[in-house]
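Report on the following structure.
There are 2 protein chains.
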Amino acid sequence: MLPFANITIIGLGLIGSSIAHAIRANMSAARITGYDQDPAVRARVLELGFCDDVTDSPGAAVTDADLVMLCVPVGAIAATAKELAEDLPESAVISDVGSSKESVLNALTDALPGARIIPAHPVAGTEHSGPDAGFATLFDGRWCILTPPDNADQADLERVKAFWEKMGANIEIMDARHHDLVLAVTSHLPHLIAYTIVGTASDLEDVTRSEVIKYSAGGFRDFTRIAASDPTMWRDVFMSNKDAVLEMLQRFSEDLTALQRAIRWDKGDELFDLFTKTRAIRRRIIEEGQDDAAPDFGRHHE
Amino acid sequence: MLPFANITIIGLGLIGSSIAHAIRANMSAARITGYDQDPAVRARVLELGFCDDVTDSPGAAVTDADLVMLCVPVGAIAATAKELAEDLPESAVISDVGSSKESVLNALTDALPGARIIPAHPVAGTEHSGPDAGFATLFDGRWCILTPPDNADQADLERVKAFWEKMGANIEIMDARHHDLVLAVTSHLPHLIAYTIVGTASDLEDVTRSEVIKYSAGGFRDFTRIAASDPTMWRDVFMSNKDAVLEMLQRFSEDLTALQRAIRWDKGDELFDLFTKTRAIRRRIIEEGQDDAAPDFGRHHE
Chain A
1 MLPFANITII GLGLIGSSIA HAIRANMSAA RITGYDQDPA VRARVLELGF CDDVTDSPGA
61 AVTDADLVML CVPVGAIAAT AKELAEDLPE SAVISDVGSS KESVLNALTD ALPGARIIPA
121 HPVAGTEHSG PDAGFATLFD GRWCILTPPD NADQADLERV KAFWEKMGAN IEIMDARHHD
181 LVLAVTSHLP HLIAYTIVGT ASDLEDVTRS EVIKYSAGGF RDFTRIAASD PTMWRDVFMS
241 NKDAVLEMLQ RFSEDLTALQ RAIRWDKGDE LFDLFTKTRA IRRRIIEEGQ DDAAPDFGRH
301 HE
Chain B
1001 MLPFANITII GLGLIGSSIA HAIRANMSAA RITGYDQDPA VRARVLELGF CDDVTDSPGA
1061 AVTDADLVML CVPVGAIAAT AKELAEDLPE SAVISDVGSS KESVLNALTD ALPGARIIPA
1121 HPVAGTEHSG PDAGFATLFD GRWCILTPPD NADQADLERV KAFWEKMGAN IEIMDARHHD
1181 LVLAVTSHLP HLIAYTIVGT ASDLEDVTRS EVIKYSAGGF RDFTRIAASD PTMWRDVFMS
1241 NKDAVLEMLQ RFSEDLTALQ RAIRWDKGDE LFDLFTKTRA IRRRIIEEGQ DDAAPDFGRH
1301 HE
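Protein chains in written order, with our numbering: chain A, 1 to 302; chain B, 1001 to 1302.
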């Protein structure tokens, strides 16, 4: 049994296109309608063929839907929801894939009063963007967090849960506010720091940019991957999860200052103790299947 | 023609054992003598069989050497050099693999006056440690930076250069001080920041450690890999390259404060501009073969 038969995806970038591929792979009987505000993306999606239909407006995309997935940057959720409000069937469940959830829930509740809203966040991604970047196994074994409002219909929640389980994801249900705090530390702060350090490195006077690139295998390149993520998406994440991000940033800065002081005053033991503790966390991530222990992440050494 | 026929490796961890494997693979006629101060490591190396000989003292390891590679943490270089000083043949070239070079050059010059010193730094590694972690292709296509003192013998330099070329590395020759600045930004600062953020995440009250691990695929796990590197090695790197690390840390903190301010005051354009710029750097790293562009670093999606 399919949890949804007619699925509409609004926004056909990395996540939207991966969802389409994953529906094709795991729920092949479902009909997929797509819309993207960029006409070039719509044309490309028609070429790639992973949607049954591509429409010219968000309204036309949702008229027959029983599930509408908003896969647009978080900052565009409110406007997109308003655009399709008139055409959204009463029976349709509306969901999204945004990386911050309290602001999305508020935006959807405001724009679509009375709609069946079940926000979601699949914790998966790559540094690539656009409709060519999607692939069917992106969500395999990854977590998808659902943050239903207090008054959500239990049956709607179960259907969205079943949908993501069929896509290969593990499901967790969480309060939107707690989600935003957890993601601030596991995702938003790492991205912010990666963007910062790549920026710092490119502004030096005594070290050239080509030296930075040449010797990036010493650690720097691990940061550049996430600092290559979609700029619009990430701008919106930081704007929409401002309080939690600022709180985590403050804690991080305090910890960094403590390490800076330890280096300045030659307190090697303090460094050693921290470095030993952080190793244990890495081990647990590998044990729980959230990363690959292959040396150097399977980067090729021929 | 082999640049060196009798090679001694002191310190048989990830880098020392990888050098031994790479010598076997690329200069099979060379004889490899090994020493490690840890008797358990020596026993394990005998089992693994990648050295022709394993001795019980650094002195005994170097008596017949024409190349001595010190693969110990930077903080142990001075003591190790003193231990083998009496037995080091006048004709032997002494080199190392340390991640900071000015302090190593000073330590070697003090401990071994008149010795043929050619410090080196292969910019390659994984997060794994110990004699089981080594593999022959670790240096393939990676950079190896040589930082010879002003009075170095040109022939010695050429031999060390030839040695690393046979190991598959690309060679760059640089002043020790400049090396330390370049590596402070491409390697030392990224490691310091990764250690810090992993520490910050494990000290939260409102987010549990298992939540951090569970949702690490959102970006955090990229930091945990380098925060799992050898604690002793990294403590020594920060202690021995203190000035350059503190300078880079100061710049990074200023840049991070500017971003923090942009988030607090809703200046989305400033974020967007930085995030666009950092993307270009990623592209160049991939173009220059210092990383793999496969989605998600070749992590398995089945």
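For glycine and all other residues, C-beta sits at the position ideal for the given N, C-alpha and C.
Next on the checklist: At the level of alpha carbons, what is the spacing between aspartate 1180 of chain B and threonine 1109 of chain B?
Outcome noted: Counting from 1 along the second sequence, the entry for residue 1180 of chain B is found at position 180. Counting from 1 along the second sequence, the entry for residue 1109 of chain B is found at position 109. Between aspartate 1180 of chain B and threonine 1109 of chain B, the C-alpha separation is close to 18 Å.
Checklist entry - Between glutamate 1083 of chain B and proline 1113 of chain B, which are expected to be in contact by the criterion C-beta below 8 Å, what is the C-beta distance as a whole number of angstroms? => result Within the second sequence, residue 1083 of chain B is the residue found at index 83, counting from 1. Within the second sequence, residue 1113 of chain B is the residue found at index 113, counting from 1. The pair is not a contact, with the Cβ atoms about 16 Å apart (cut-off 8 Å).
Item to check | Same chain, Cβ closer than 6 Å to phenylalanine 238 of chain A, neighbours up to 5 away in sequence not counted | outcome: On the first sequence, position 238 is the one that residue 238 of chain A refers to. Cβ neighbours of phenylalanine 238 of chain A beyond the five flanking positions: Val245.
Item to check | Runs of alpha helix (DSSP H) lying entirely within the segment 1052-1137 of chain B, each at least 4 residues, in chain order | outcome: 1058-1062, 1077-1084 and 1102-1111
Checklist entry - Mind checking if arginine 1235 of chain B is an interface residue toward chain A, Cβ cutoff 8 Å exclusive? => result Residue 1235 of chain B sits at position 235 when you count from the first residue of the second sequence. Taking Cβ atoms only, chain A reaches closer than 8 Å to arginine 1235 of chain B, which makes this a yes.
Checklist entry - Would you say histidine 301 of chain A faces chain B, with C-beta separation under 8 Å as the test? => result Residue mapping note: residue 301 of chain A aligns to position 301 of the first sequence, counting from 1. The predicted model places histidine 301 of chain A with a pLDDT of 41, which falls under 50 and marks its position as unreliable, so this point remains unresolved.
Item to check | Identity of the residue in A:Met1, A:Ile7, A:Arg24 and A:Ile9 nearest alanine 135 of chain A by Cα | outcome: As a position in the first sequence, residue 135 of chain A is number 135, starting the count at 1. Residue identity differs from the one stated: residue 135 of chain A is phenylalanine in this sequence, not alanine. Nearest of A:Met1, A:Ile7, A:Arg24 and A:Ile9 to phenylalanine 135 of chain A, Cα basis: A:Arg24.
Next on the checklist: Measuring straight from C-alpha to C-alpha, what distance separates alanine 1155 of chain B and alanine 1065 of chain B?
Outcome noted: Here the question's residue 1155 of chain B lines up with position 155 in the second sequence. Here the question's residue 1065 of chain B lines up with position 65 in the second sequence. Approximately 17 Å, taken between the alpha carbons.
Next on the checklist: To test your reading of the DSSP string, which unbroken alpha helix (DSSP H) runs of 4 or more residues are found completely within the segment 1195-1254 of chain B?
Outcome noted: 1209-1214, 1220-1226 and 1231-1240
Next on the checklist: Let me see if you follow: with CB-CB separation under 8 Å, is methionine 69 of chain A close to chain B or not?
Outcome noted: One-based indexing of the first sequence puts residue 69 of chain A at position 69. Chain B, which has no Cβ nearer than 8 Å to the Cβ of methionine 69 of chain A, makes this no.
Next on the checklist: Please return the same chain residues whose Cβ sits closer than 8 Å to the Cβ of alanine 30 of chain A, not counting the five positions on each side in sequence.
Outcome noted: Taking the first sequence and counting its residues from 1, one reaches residue 30 of chain A at position 30. Taken in chain order, the residues that qualify are Leu2, Phe4, Ala5, Asn6, Ile7 and Ile23.
Checklist entry - Could you check where the beta strand (DSSP E) with arginine 1031 of chain B kicks off and where it finishes? => result For the purposes of this step, residue 1031 of chain B is identified with residue 31 of the second sequence, where counting begins at 1. Here the beta strand (DSSP E) through arginine 1031 of chain B covers 1031-1035.
Next on the checklist: Any beta carbon from chain A within less than 8 Å of leucine 1256 of chain B's own beta carbon?
Outcome noted: Taking the first residue of the second sequence as 1, we reach residue 1256 of chain B at position 256. Yes, its Cβ sits closer than 8 Å to a Cβ of chain A.
Checklist entry - The beta strand (DSSP E) with tryptophan 164 of chain A in it runs from where to where? => result Locating residue 164 of chain A in the first sequence gives position 164, counting from the first residue. It is not in any beta strand (DSSP E) - tryptophan 164 of chain A instead sits in the alpha helix (DSSP H) that spans 154-166.
Next on the checklist: I need the DSSP call for leucine 1146 of chain B, collapsed to helix, strand or coil.
Outcome noted: Position 146 of the second sequence, counting from 1, holds the residue named residue 1146 of chain B. Residue state, collapsed to three classes: strand.
Item to check | Three-pair Cβ contact test at 8 Å for the segment 1183-1200 of chain B versus the segment 137-149 of chain A | outcome: The answer is no - the segment 137-149 of chain A does not touch the segment 1183-1200 of chain B, with fewer than three Cβ pairs under 8 Å.
Checklist entry - Apart from the five residues on each side of it in sequence, which residues of its chain come closer than 6 Å, Cβ to Cβ, to glutamate 1102 of chain B? => result Here the question's residue 1102 of chain B lines up with position 102 in the second sequence. Ala1176, Arg1177 and Asp1180, listed in sequence order.
Checklist entry - Would you report the Cα separation of valine 74 of chain A and alanine 201 of chain A, rounded to the nearest angstrom? => result Sequence index remark: in the first sequence, residue 74 of chain A carries index 74 (1-based). Sequence index remark: in the first sequence, residue 201 of chain A carries index 201 (1-based). So the two alpha carbons sit approximately 29 Å from each other.
Item to check | Span separating the alpha-carbon of cysteine 1071 of chain B from that of glycine 1011 of chain B | outcome: The sequence position of residue 1071 of chain B within the second sequence is 71, counting from 1. The sequence position of residue 1011 of chain B within the second sequence is 11, counting from 1. If you take the alpha carbons of cysteine 1071 of chain B and glycine 1011 of chain B, they lie about 5 Å apart.
Next on the checklist: If contacts are defined as beta-carbon pairs under 8 Å, then lysine 1166 of chain B and methionine 1027 of chain B qualify, I think. What distance do you get, rounded to the angstrom?
Outcome noted: The residue you call residue 1166 of chain B lines up with position 166 of the second sequence. The residue you call residue 1027 of chain B lines up with position 27 of the second sequence. Contact holds; Cβ gap of about 6 Å.
Checklist entry - With a cut-off of 8 Å, does the C-beta of histidine 191 of chain A fall near any C-beta of chain B? => result Here the question's residue 191 of chain A lines up with position 191 in the first sequence. Interface with chain B (8 Å Cβ-Cβ cutoff): histidine 191 of chain A is included.
Next on the checklist: Using only the alpha-carbon positions, how far apart do glutamate 172 of chain A and leucine 1204 of chain B sit?
Outcome noted: Working through the first sequence from its first residue, we reach residue 172 of chain A at position 172. Working through the second sequence from its first residue, we reach residue 1204 of chain B at position 204. Taking the Cα positions, glutamate 172 of chain A is about 20 Å away from leucine 1204 of chain B.
Next on the checklist: Between arginine 1225 of chain B and chain A, is the shortest Cβ-Cβ distance under 8 Å, so that the two count as touching?
Outcome noted: Residue 1225 of chain B sits at position 225 when you count from the first residue of the second sequence. So yes, arginine 1225 of chain B belongs to the interface.
Next on the checklist: 8 Å is my cut-off, CB to CB: does proline 1231 of chain B come that close to chain A?
Outcome noted: On the second sequence, position 231 is the one that residue 1231 of chain B refers to. Closer than 8 Å to some Cβ of chain A, the Cβ of proline 1231 of chain B qualifies, so yes.
Next on the checklist: Please identify the residue among B:Arg1044, B:Ala1227 and B:Lys1277 whose C-alpha is closest to the C-alpha of arginine 279 of chain A.
Outcome noted: For the purposes of this step, residue 279 of chain A is identified with residue 279 of the first sequence, where counting begins at 1. Checking every option, the nearest Cα to that of arginine 279 of chain A belongs to B:Ala1227.
Item to check | Contacting positions in the segment 1213-1224 of chain B - beta carbon closer than 7 Å to chain A | outcome: Residues Ile1213, Lys1214, Tyr1215, Ser1216, Ala1217, Gly1218, Gly1219, Phe1220, Arg1221, Asp1222, Phe1223 and Thr1224.
Next on the checklist: Below 8 Å on the Cβ atoms is my contact criterion, and I expect valine 313 of chain A with alanine 1217 of chain B to pass it. Report the Cβ-Cβ distance as a whole number of Å.
Outcome noted: Outside the shown range of chain A (1 to 302) lies residue 313 of chain A, about which nothing can therefore be said.
Next on the checklist: Less than 7 Å between C-beta atoms, sequence neighbours within five positions excluded: which residues of the same chain meet that for threonine 80 of chain A?
Outcome noted: Sequence index remark: in the first sequence, residue 80 of chain A carries index 80 (1-based). Correct list, in chain order: Ile10, Pro58, Leu70 and Val72.
Checklist entry - What separation, rounded to the nearest whole angstrom, lies between the Cα atoms of threonine 63 of chain A and leucine 88 of chain A? => result Position 63 of the first sequence, counted from the start, is the residue given in the question as residue 63 of chain A. Position 88 of the first sequence, counted from the start, is the residue given in the question as residue 88 of chain A. Computed Cα separation, rounded: 6 Å.
Item to check | Separation of glutamate 1288 of chain B from leucine 1014 of chain B, as counted between CA atoms | outcome: Residue numbering aside, residue 1014 of chain B sits at position 14 when the second sequence is read from its first letter. Residue numbering aside, residue 1288 of chain B sits at position 288 when the second sequence is read from its first letter. So the alpha carbons of these two residues sit roughly 25 Å apart.
Next on the checklist: Under 8 Å, Cβ to Cβ, is there at least one residue of chain B near methionine 239 of chain A?
Outcome noted: As a working note, residue 239 of chain A is residue 239 in the first sequence. Judged by the 8 Å Cβ criterion, methionine 239 of chain A is in contact with chain B.
Checklist entry - Residues of chain B with CB under 8 Å from serine 202 of chain A, in chain order? => result The residue you call residue 202 of chain A lines up with position 202 of the first sequence. Within chain B, the residues near serine 202 of chain A are Lys1277, Thr1278 and Ile1281.
Next on the checklist: I'd like to know whether the C-beta of glycine 1130 of chain B is nearer than 8 Å to at least one C-beta of chain A.
Outcome noted: The sequence position of residue 1130 of chain B within the second sequence is 130, counting from 1. No, no contact with chain A.
Next on the checklist: Buried or exposed for threonine 1257 of chain B, going by 16 or more other Cβ atoms inside 10 Å?
Outcome noted: Locating residue 1257 of chain B in the second sequence gives position 257, where the first residue counts as 1. Per the 10 Å Cβ criterion, exposed.
Checklist entry - Mind pulling the chain A residues with CB within less than 7 Å of leucine 1259 of chain B? => result Your numbering for residue 1259 of chain B matches position 259 in the second sequence. Chain A residues near leucine 1259 of chain B: Leu192 and Thr196.
Item to check | Cβ-based neighbour list, alanine 78 of chain A, same chain, cut-off 6 Å, excluding 5 preceding and 5 following | outcome: Numbered from 1 along the first sequence, position 78 holds the residue referred to as residue 78 of chain A. The residues are Ala107 and Ala111.
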